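Protein chains in written order, with the working numbering: chain A, 163 to 234; chain B, 7 to 145.
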């Protein structure tokens, strides 16, 4: 089974008073479209952006991103 | 649709129109012998292309000023790089094909220059087409 990078950004945004994609994008200095692509697992961000996302939510990196097998 | 995608669409459509007009002019000169200062026509079309590019980009920047001011992020830079790489291969094939036109009986400098122009237009169109496809895929 192939492993891919999964993330919990949508849930983390929801837990932070429904932070919008634009608000998160502004905080990590990327476009809203890039946040959307990351959330939908269509784009894997660089390590630096990944750490910035974790910093915004105040959680360790592995609570934002997981490398796991996904059933297709 | 994001500002960058709109920008790619504008450039693609304008260069497509420019290419079609250039080809029409080339056919008129090559096959019908109508010489209406081909260089003058080419420069007029190029000037019109630049003016249209600037005008339309200003228009979409007014529509979404925030996005227009935001520098390209890592994903957009990666899309640019991937599209440029594909465009480069097309340009290389076109450049070699242009050189090969030297061996066509009756070919002259004009033929080679026009073949290179064609290669540049096709490579640029390919670059913007790949950009649009990659933006659409991530949308």
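For glycine and all other residues, C-beta sits at the position ideal for the given N, C-alpha and C.
Note that this is a predicted model, so its numbers are computed, not measured.
Below 9 Å between beta carbons is the criterion; list the residues of the region 73-87 of chain B that meet it against any residue of chain A, in chain order. 73, 76, 77, 78, 79, 80, 81, 82 and 84
At 9 Å on the CB atoms, spell out the chain B contacts of residue 229 of chain A, in chain order. Here residue 229 of chain A is taken as the residue at index 67 of the first chain, counted from 1. By Cβ distance, chain B contributes nothing, its closest Cβ being about 20 Å from residue 229 of chain A, past 9 Å.
Simplified DSSP state of residue 166 of chain A, which is helix, strand or coil: On the first chain, residue 166 of chain A is found 4 positions in, with the first residue counted as 1. Strand, per DSSP.
Return the first residue and the last residue of the alpha helix (DSSP H) that residue 141 of chain B is part of. Numbered from 1 along the second chain, position 135 holds the residue referred to as residue 141 of chain B. 115-144 is the span of the alpha helix (DSSP H), which, as asked, contains residue 141 of chain B.
For the 8 Å Cβ check, are there 3 or more pairs between the region 81-100 of chain B and the region 118-137 of chain B? Verdict: yes, contact present.
Tell me the residue span of the alpha helix (DSSP H) that contains residue 38 of chain B. In the second chain, the residue the question calls residue 38 of chain B occupies position 32. Where residue 38 of chain B is concerned, the enclosing alpha helix (DSSP H) stretches over 9-38.
Residue nearest to residue 207 of chain A in terms of C-alpha spacing, selected from A:182, A:177 and A:228: If you number the first chain from 1, residue 207 of chain A lands on position 45. Taking only the C-alpha atoms, the option nearest residue 207 of chain A is A:228.
If we require 4 or more residues per run, which alpha helix (DSSP H) segments fall completely within the region 46-105 of chain B? As far as the region 46-105 of chain B is concerned, its whole alpha helix (DSSP H) runs of at least 4 residues are 71-75.
Restricting to Cα atoms, I'd like to know which of B:142, B:56 and B:118 is closest to residue 108 of chain B. For the purposes of this step, residue 108 of chain B is identified with residue 102 of the second chain, where counting begins at 1. Closest by alpha carbon: B:118.
Backbone CA spacing between residue 10 of chain B and residue 75 of chain B [nearest angstrom]: Position 4 of the second chain, counting from 1, holds the residue named residue 10 of chain B. Position 69 of the second chain, counting from 1, holds the residue named residue 75 of chain B. Cα-Cα distance, rounded: 11 Å.
Is the beta carbon of residue 189 of chain A sitting closer than 7 Å to the one on residue 218 of chain A? As a position in the first chain, residue 189 of chain A is number 27, starting the count at 1. As a position in the first chain, residue 218 of chain A is number 56, starting the count at 1. Cβ distance < 7 Å, so residue 189 of chain A and residue 218 of chain A count as in contact.
Am I right that residue 106 of chain B and residue 125 of chain B are in contact with their C-beta atoms under 8 Å? What's the rounded C-beta distance? By 1-based counting over the second chain, the position of residue 106 of chain B is 100. By 1-based counting over the second chain, the position of residue 125 of chain B is 119. About 11 Å; that fails the 8 Å criterion.
Please determine, among A:166, A:198, A:164 and A:163, the residue with the shortest C-alpha to C-alpha distance to residue 175 of chain A. For the purposes of this step, residue 175 of chain A is taken as residue 13 along the first chain, with counting starting at 1. If we check each option's Cα against that of residue 175 of chain A, A:198 comes out closest.
Could you have a look at residue 231 of chain A and say whether DSSP puts it in helix, strand or coil? The count along the first chain starts at 1 and reaches residue 231 of chain A at position 69. Looking at residue 231 of chain A - three-state DSSP - the assignment turns out to be strand.
Burial state of residue 164 of chain A (16 or more Cβ within 10 Å): Taking the first chain and counting its residues from 1, the one referred to as residue 164 of chain A is at position 2. Result: exposed.
Would you say residue 195 of chain A lies against chain B (beta-carbon separation less than 7 Å)? The sequence position of residue 195 of chain A within the first chain is 33, counting from 1. Yes, because at least one Cβ of chain B sits closer than 7 Å to the Cβ of residue 195 of chain A.
Leaving out the 5 sequence neighbours to the left and right, which residues in its chain are closer than 7 Å to residue 171 of chain A when beta-carbon positions are compared? The sequence position of residue 171 of chain A within the first chain is 9, counting from 1. Closer than 7 Å at Cβ, skipping near neighbours: 200, 201, 215 and 226.
Host alpha helix (DSSP H) of residue 199 of chain A (start-end): Taking the first residue of the first chain as position 1, residue 199 of chain A is located at position 37. From DSSP, the alpha helix (DSSP H) with residue 199 of chain A extends over 194-201.
Kindly say whether residue 206 of chain A, judged by its beta-carbon, lies nearer than 7 Å to any beta-carbon of chain B. What you label residue 206 of chain A is simply residue 44 of the first chain in a count that begins at 1. Chain B contact via Cβ: absent.
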